[in-house]
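In my numbering, the protein residues as written are 3 to 363.
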């Protein structure tokens, strides 16, 4: 990681400074990489469809000269995003599963609660790119309270995932207000935080944040490393602070073409996570999401990668390879995978429904 020489190291390690100085245009991006003509063109063409934001920290991890850099490809726009004719805005039909604004209920006993629509940076494969950075999806305090009231009135809910956006974009005080509200609900047993900030802005994981989270146990964190290059000393420190605060940390990757879709990269990523006491939990099959055709990998290739890891590394270093569907997550393994029908793979969900996922070979 190379810090630009004109930036004070004390500013660089200040998470609020990082948020204020995020990369938002090609001119600022050129401080960290030499953007290709295609990247410059894509930044302009895609500006209205999906915003382009990168933290200086994450930008510093990119290879200046290589457009195929696995860090760079995750966050810098490419014109190929405009060529996806099959991708959907909401492939999991989350809006239809939303009893109140930004609460998503697919399972009887647990929900995803999208507490905001802001992230430290915007991944090009973001499942919720339809809402990230869009004013329509901003959660006002009264709307957050409406969601808390709905959870309190729904006694089946025992497990709440705070996601977004990213809950750690909030201040400690705002996040604690939500956590305290959930802890006043007797039937809420588990609170999970879904956050990519340990990867994209690890300075956010401060000692003060961890002390605050400790007050609301049991708290679990799932983060999102996709490539070994993201496992920097700064990211390792963020994960260590969480685990020392008694917070189990799991990782949820996405299988992405040209980034982690080979055995050596995935095995290195997972074994490196385990050394940091981060459990490789899920690896998702990339969704049929607008603008992401260039990231999607045939399911059979993913199956082969995780089959090859079995017996070649520790069992707890192998994540579950899963497909998310509008009816819940499906393990991509026997007996849930029923087979192929043309360009679709047929899987069976937890409640016995059959789902046909478009997935050309």
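Positions of the beta carbon are idealized from the N, C-alpha and C atoms, including for glycine.
Note that this is a predicted model, so its numbers are computed, not measured.
CB contact flag (residue i, residue j, <8 angstroms)
i	j	result
residue 200	residue 237	yes
residue 334	residue 289	no
residue 58	residue 23	yes
residue 66	residue 36	yes
residue 276	residue 244	no
residue 52	residue 317	no
residue 164	residue 180	yes
residue 285	residue 315	no
residue 91	residue 132	yes
residue 189	residue 144	no
residue 54	residue 124	yes
Of the residues the options, the one placed nearest residue i, counting alpha carbons only
i	options	result
residue 267	233, 249, 105 and 69	233
residue 346	49, 300 and 354	300
residue 151	37, 297 and 115	115
residue 297	317, 260 and 285	260
residue 186	78, 255, 155 and 197	155
residue 139	168, 113 and 162	168
residue 254	182, 191 and 324	324
residue 263	361, 72 and 5	72
residue 306	29, 49, 320 and 247	320
residue 16	208, 363 and 242	208
residue 258	295, 250, 273 and 252	295
residue 195	175, 302, 250 and 75	250
residue 146	136, 124, 182 and 160	182
residue 246	310, 280 and 269	280
Per DSSP, the bridge partner or partners of residue i
i	result
residue 161	112 and 192
residue 282	253
residue 326	331
residue 346	343 and 360
residue 25	56
Run of the alpha helix (DSSP H) containing residue i, from where it starts to where it stops
i	result
residue 359	Counting along the chain, residue 359 falls outside any alpha helix (DSSP H), though it belongs to the beta strand (DSSP E) covering 356-360.
residue 47	39-47
residue 178	174-185
residue 10	Careful: residue 10 lies outside any alpha helix (DSSP H) and carries neither H nor E.
residue 353	Counting along the chain, residue 353 falls outside any alpha helix (DSSP H), and DSSP gives it neither H nor E.
residue 267	265-277
residue 214	209-216
residue 311	301-311
Element boundaries [beta strand (DSSP E), containing residue i]
i	result
residue 331	330-333
residue 19	Run containing residue 19: none in the beta strand (DSSP E); it sits in the alpha helix (DSSP H), 17-22.
residue 139	Where residue 139 is concerned, there is no enclosing beta strand (DSSP E), given that its DSSP letter is neither H nor E.
residue 221	221-225
Three or more C-beta pairs below 8 angstroms linking the segment 324-331 and the segment 112-123: With a cut-off of 8 angstroms, the segment 112-123 and the segment 324-331 do not count as touching, because too few Cβ pairs lie within range.
Cβ contact check for the segment 25-43 and the segment 78-93: 3 or more pairs under 8 angstroms: Contact holds between the segment 25-43 and the segment 78-93, because three or more Cβ pairs, one in each stretch, are under 8 angstroms apart.
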